[in-house]
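In what follows, a single structure is set out as structure tokens and then discussed.
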Amino acid sequence: MDAKPIDDPPHSTEKYDEGALLPEQQKKINELKIQKRIENERYLQKHPELNILIRDFIRQTCLQKPEDIRQFAASYFTHPMLEKRIENLINEQTETINSDIKVISEEIFQR
16 MDAKPIDDPP HSTEKYDEGA LLPEQQKKIN ELKIQKRIEN ERYLQKHPEL NILIRDFIRQ
76 TCLQKPEDIR QFAASYFTHP MLEKRIENLI NEQTETINSD IKVISEEIFQ R
């Protein structure tokens, strides 16, 4: 893998200063980025409730179309009943999955 970053920096950031780091330093940073990405993916896999939380936040945002998204986000993520809401959504999802499995199993065994 090339140690130099591609000449396409993230949105709202300055262009890369290719001479700022030695090649070995850039290589170590690239390896660290990869390792962090792997760790983040593992964390998300261990915490599927985060997917439900984010999906619900986006859904509520689309439904309510708040004028001040920052205030809406602050209210959503600090709501005292948020934990209970996510638990309910997890339970609903589990029930739906179990129901789907039952229907599929019945269809398979009827053949």
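Heads up: the sequence shown is residues 16 to 126, going by this note's numbering. Even glycine gets a Cβ: it sits at the ideal position worked out from N, Cα and C. Since we're looking at a predicted model, the values are computed, not measured.
How far does the alpha helix (DSSP H) with residue 91 in it extend, from its first residue to its last?
As a first step, residue 91 must be located in the sequence shown, where it is residue number 76. Its alpha helix (DSSP H) spans residues 84-93.
Using a Cβ-Cβ cut-off of 7 Å (strictly less than) and excluding sequence neighbours within five positions of residue 64, which residues of its own chain qualify?
Counting from one through the sequence shown, the residue named residue 64 turns up at place 49. Around residue 64: 101 and 105.
Got a sec? Which residues, its chain only, sit under 6 Å from residue 62 by beta carbon, not counting five neighbours each side?
Mapped onto the sequence shown, residue 62 falls at position 47. For residue 62, where only same-chain residues beyond five positions count, there are no Cβ hits under 6 Å.
Less than 8 Å between the C-beta atoms of residue 36 and residue 44, yes or no?
Working through the sequence shown from its first residue, we reach residue 36 at position 21. Working through the sequence shown from its first residue, we reach residue 44 at position 29. Cβ atoms of residue 36 and residue 44: closer than 8 Å.
Going by the CB atoms, is the gap between residue 75 and residue 91 shorter than 8 Å?
For the purposes of this step, residue 91 is identified with residue 76 of the sequence shown, where counting begins at 1. For the purposes of this step, residue 75 is identified with residue 60 of the sequence shown, where counting begins at 1. Yes, the Cβ-Cβ distance between residue 91 and residue 75 is below 8 Å.
Identify, in the order they occur along the chain, each residue of the same chain with its Cβ nearer than 7 Å to the Cβ of residue 110, setting aside the five sequence neighbours on each side.
On the sequence shown, position 95 is the one that residue 110 refers to. Same-chain partners within the cutoff: there are none.
Should residue 68 be labelled buried (16 or more other beta-carbon atoms within 10 Å of its own) or exposed?
For the purposes of this step, residue 68 is taken as the residue at position 53 of the sequence shown. It is buried - the Cβ of residue 68 has at least 16 other Cβ atoms within 10 Å.
How about residue 72 and residue 81: do their beta carbons lie closer than 8 Å?
Here the question's residue 72 lines up with position 57 in the sequence shown. Here the question's residue 81 lines up with position 66 in the sequence shown. No, the pair does not count as a contact, with Cβ atoms beyond the cut-off.
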